[in-house]
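I have placed the structure first, in the form of C-alpha cells, so that the comments after it can refer back to it.
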C-alpha cells in the first residue's frame, strides 16, 4: 500500500484534497472495497467454523442434523 494513501481516512477527505488525482481516488476506493470484502469473508469464515466445529459446538439436535447433512452430501456414490 502506498504511504501517501494512508493519510486519507475517508472518501470525503480524498475529494476535498485539491491536488488529489483520479488515480488516487480509485486507489482509495479499491482499498476500501478490499477491506470491506476481507472483513465480510473473515466474518463468514468464523461463523462457518463455529457452526461446523465439533470441538466447541454443543451437541444439539440442530448441530447434529447439519453435520449429518454435510457428511451425506460429501459421501461417494456406491458403484
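In our numbering, the protein residues as written are 152 to 230.
Just so you know, even glycine gets a beta-carbon here, dropped at the ideal spot from N, CA and C.
Query, Result
"Have a look at residue 174 and residue 187 and give me their C-alpha separation to the nearest angstrom.", "20 Å"
"What is the rounded straight-line gap between the Cα of residue 181 and the Cα of residue 191?", "15 Å"
"Do you know offhand how far residue 193's Cα is from residue 179's?", "21 Å"
"Please report how far the alpha carbon of residue 172 lies from the alpha carbon of residue 202, in whole angstroms.", "45 Å"
"Taking the continuous alpha helix (DSSP H) assigned at residue 194, which residues delimit it?", "173–203"
"How big is the Cα-Cα spacing for residue 183 and residue 189?", "10 Å"
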